[in-house]
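Participant:
Residue numbers (our numbering): 2 to 324.
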């Protein structure tokens, strides 16, 4: 089935003049256009790199808003926005690792193109409630190889990029696919993409419809029960995103609800309270330190509960314009 086209960003000013939210949304449109119309003149790599730079600019300007877009802009093609969402998370973790710029660019490029081998299937699965058929499972297991070969045909020769696409579903214990790599056979960067892929999938509307919430236990579990590489990644994810990522909708101990505005520390982010304990809008949004017992987070709420009720520039200012 054809992918649904994301809404086109109508901002026509230069990228540096756009809000962070608009930069991310426009990157989705550019990726959709690139995947739908593979260029014949060999400029696929450059056009993809331009998208990487645009996302990195967004993350550099305001990482909190870039992450909030994941939760609060879930329109259009699932496969496209999921790839962009994953690339944002990957870029922020790579930045915390102080990865050299060229390798970081390669890994973010891999995150954007990790599912090129199954875009149509991904759209189908995002709407499917039944288990995968045997044919779908086979296609799923083959998509990393198909994606790598597609990229090669489009002129990609960067080995780190290609390896990450091929290995992003491999697991350190050898239970992944397509090659059942184990331990040191698996690139650390590919495992990073795989975990970001899983994390962002948890934040989708389909996950919320099934009653899921952000799996903050993911990072703790990795630290204590995963491989040494996974323990490192668990620490990195926790240090980068916190247990409650920016944009998460939460209820606090005093009954107020609002949006996680900013990572402050792993378990106690800064929250902008928007509604009182009767779910009525506050006269003015107010920032709450959730490290204070009175404002401690007690519940995660469905982000769709804010649709039509909140102007996000009241939380993040001009950086959130367009969200």
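We put the CB at the ideal spot given by N, CA and C, even for glycine.
Here the structure is a predicted model, which means the values were calculated and not measured.
#1: Just verifying my parser: in three-state terms, what is the DSSP assignment at residue 1?
#2: Closest by CA to residue 236, which one among 32, 95 and 74?
#3: Using the C-alpha atoms, what's the distance from residue 109 back to residue 161?
#4: Hey, could you find the ends of the beta strand (DSSP E) residue 289 is sitting in?
#5: Between residue 300 and residue 262, what straight-line distance do the alpha-carbon atoms span, to the nearest angstrom?
#6: Got a sec: is the Cβ-Cβ distance from residue 153 to anything in chain C below 9 Å?
#7: Assuming contact is defined by CB atoms lying nearer than 9 Å, are residue 179 and residue 142 in contact in what I supplied?
#8: Between the stretch 296-316 and the stretch 44-53, do at least 3 Cβ pairs fall closer than 8 Å?
#9: Pick out whichever of 61, 44 and 195 has its Cα sitting closest to the Cα of residue 25.
#10: Suppose you measure from the CA of residue 168 to the CA of residue 146; what does that come to, to the nearest Å?
#11: Please report the distance separating the alpha-carbon of residue 320 from that of residue 70.
#12: Am I right that residue 29 and residue 82 are in contact with their C-beta atoms under 8 Å? What's the rounded C-beta distance?
#13: Starting from residue 296, follow the alpha helix (DSSP H) in both directions and report where the run begins and ends.
#14: Using alpha carbons as the reference points, say which of 292, 294 and 285 lies closest to residue 311.
#15: If you drop the 5 nearest sequence neighbours on each side, which residues of the same chain put their C-beta closer than 6 Å to that of residue 107?
#16: Over the uninterrupted alpha helix (DSSP H) stretch that includes residue 253, give me the two end residues.
#17: Could you check how far apart the C-beta atoms of residue 115 and residue 198 are, in whole angstroms? I think they sit under 8 Å.
#18: Cα-Cα, which of 288, 293, 103 and 281 is closest to residue 307?
#19: Who pairs with residue 263 in a beta bridge, going by DSSP?
#20: Alpha carbon to alpha carbon, how far is residue 258 from residue 294?
#21: In the DSSP output, what is residue 1 paired with across the bridge?
#22: If the criterion is Cβ atoms closer than 9 Å, does the pair residue 36 and residue 119 meet it?
#23: Determine the closest residue to residue 27 out of 43, 47, 77 and 38, with distance taken between C-alpha atoms.
#24: Compare the Cα-Cα distances from residue 248 to each of 89, 272, 265 and 229 and report the closest residue.
#25: Examine the ligand COA and report whether any of its heavy atoms sits within less than 8 Å of the Cβ of residue 23.
#26: According to DSSP, simplified to helix, strand and coil, what is residue 124?
#27: Have a look at residue 314 and residue 136 and give me their C-alpha separation to the nearest angstrom.
#28: Judging by CA-CA distance, which residue of 122, 93, 129 and 101 is the nearest neighbour of residue 112?
#29: DSSP three-state label for residue 174, please.
#30: How about residue 274 and residue 253: are their beta carbons less than 9 Å apart?
Facilitator: Based on what the coordinates show:
#1: Residue coverage of the chain in this structure runs from 2 to 324, which leaves residue 1 outside it and unanswerable.
#2: 95
#3: 11 Å
#4: 282-290
#5: 16 Å
#6: Absence of chain C from the displayed structure is noted, only one protein chain being present.
#7: yes
#8: no
#9: 61
#10: 9 Å
#11: 11 Å
#12: 6 Å
#13: Segment: none, residue 296 is in no alpha helix (DSSP H) and carries neither H nor E.
#14: 285
#15: 159, 161 and 162
#16: That residue, residue 253, is in no alpha helix (DSSP H); its beta strand (DSSP E) goes 250-253.
#17: 7 Å
#18: 281
#19: 271
#20: 15 Å
#21: Shown here, the chain extends from 2 to 324; a query on residue 1 therefore has no answer.
#22: no
#23: 77
#24: 272
#25: Because no ligand of any kind appears in the structure shown, any question about the ligand COA cannot be addressed here.
#26: helix
#27: 45 Å
#28: 93
#29: strand
#30: yes
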